[in-house]
Amino acid sequence: MKKRMLILALIAAMTMTLIPSAQASWIMYVSPAAGTTVNLRSTPSTSGNNFITKIPYGTALTVEYVSNGWACIDYGVGGYDEGYMMVKYLTYDYVPPTAANMKVKTTNSDVTGRSGQTNSQSQRSGSNDMAVHFENMNEQFRSFRLVDRPFTVYGKPERATGWVNLRYAPDDKAELIRRVRQNEQLTVIGATSRWYQVEDPDTGIVGYISRSYVSTNPN
Numbered sequence: 001m002k003k004r005m006l007i008l009a010l011i012a013a014m015t016m017t018l019i020p021s022a023q024a025s026w027i028m029y030v031s032p033a034a035g036t037t038v039n040l041r042s043t044p045s046t047s048g049n050n051f052i053t054k055i056p057y058g059t060a061l062t063v064e065y066v067s068n069g070w071a072c073i074d075y076g077v078g079g080y081d082e083g084y085m086m087v088k089y090l091t092y093d094y095v096p097p098t099a100a101n102m103k104v105k106t107t108n109s110d111v112t113g114r115s116g117q118t119n120s121q122s123q124r125s126g127s128n129d130m131a132v133h134f135e136n137m138n139e140q141f142r143s144f145r146l147v148d149r150p151f152t153v154y155g156k157p158e159r160a161t162g163w164v165n166l167r168y169a170p171d172d173k174a175e176l177i178r179r180v181r182q183n184e185q186l187t188v189i190g191a192t193s194r195w196y197q198v199e200d201p202d203t204g205i206v207g208y209i210s211r212s213y214v215s216t217n218p219n
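Numbered continuously in my numbering, the sequence shown closes out at residue 219.
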């Protein structure tokens, strides 16, 4: 009898090891090879009018499940509670931004024009400046979180006649997408410690804007 019970216990233990543990959701990061954006769709297909928005490289996403090469994303934007993204563009491992996979504007003023420096010294200094910006960007991506409920903010430039920059990534050297005027409405869908990830409700364009230059109320 004891031998039989022992055999049954062993069978039960072996069975349990074959059953994967349940996981409600998990975090993955957008990581296309080109380091640009990936389309989020309302259905798991590249055909039809199912485009929701573009998600920038490095964004942390909550994955509900994966099926047939598509990940179901808990996103909550544009009237959708969830969307779909090809899982090949996602990774479990955080990939820090680098010059090769992030769009960052560099100008001559970044690497030249410093009094008393040779060109090579100036270029090294400029490279160090960019390294600082990439480190700052890296820090911001690590602090990124999707908001539980998207909400509206309004552009709040320093001057009423000015504008606020909407950028490709959470850093003031990242490529400019466009300028946001005073009281222009944007929908916040994610946040870092110093930036909001926002969607333009009219065009669906997604980018980052400094939290210092938006307000939850019209100005």
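Where is the CB? At the ideal position from N, CA and C, for every residue including glycine.
- GLY83 and THR36 have their C-alpha atoms roughly 19 Å apart.
- Sorting PHE51, THR46 and ILE73 by C-alpha distance to the C-alpha of TRP26 places ILE73 at the top.
- With contacts defined by Cβ atoms closer than 8 Å, THR216 and PHE144 do not form a contacting pair.
- In the DSSP assignment, PRO218 falls outside any beta strand (DSSP E), carrying neither H nor E.
- Taking a contact as a CB-CB distance under 8 Å, the pair GLU158 and ARG167 does not count as one, their CB atoms being some 17 Å apart.
- Rounded to whole angstroms, the gap between the alpha carbons of SER210 and PRO218 is 16 Å.
- Here ARG41 really is in contact with ILE52; their C-beta atoms are around 6 Å apart, less than 8 Å.
- LYS88 carries a helical assignment under DSSP once its states are collapsed to helix, strand and coil.
- Taking C-alpha positions only, SER212 is separated from MET85 by approximately 31 Å.
- Counting only residues of its own chain and dropping the five nearest sequence neighbours on each side, TYR89 has a CB closer than 8 Å to the CB of VAL30, SER31, PRO32 and VAL38.
- Here the alpha carbon of VAL188 sits roughly 24 Å from the alpha carbon of TYR65.
- If the five residues before and after PHE151 are omitted, its C-beta is found closer than 6 Å to the C-beta atoms of VAL188, all from its own chain and listed in chain order.
- Under DSSP, ARG41 takes part in a beta bridge, and its partners are PHE51 and TYR84.
- Here the alpha carbon of PRO201 sits roughly 31 Å from the alpha carbon of ASN68.
- If the five residues before and after TRP195 are omitted, its C-beta is found closer than 7 Å to the C-beta atoms of GLN140, PRO170, TYR208, ILE209, SER210 and ARG211, all from its own chain and listed in chain order.
- Assignment of ARG181 by DSSP, reduced to helix, strand and coil, places it in the strand class.
- For VAL164, the closest C-alpha among the options GLU184, GLY190 and LEU61 is that of GLU184.
- Pairing VAL206 with VAL153 gives a Cβ-Cβ distance that is not under 8 Å.
- By the criterion of a C-beta distance shorter than 6 Å, LYS156 is surrounded in its chain by TYR213, VAL214, SER215 and ASN219, once the five residues flanking it on both sides are discounted.
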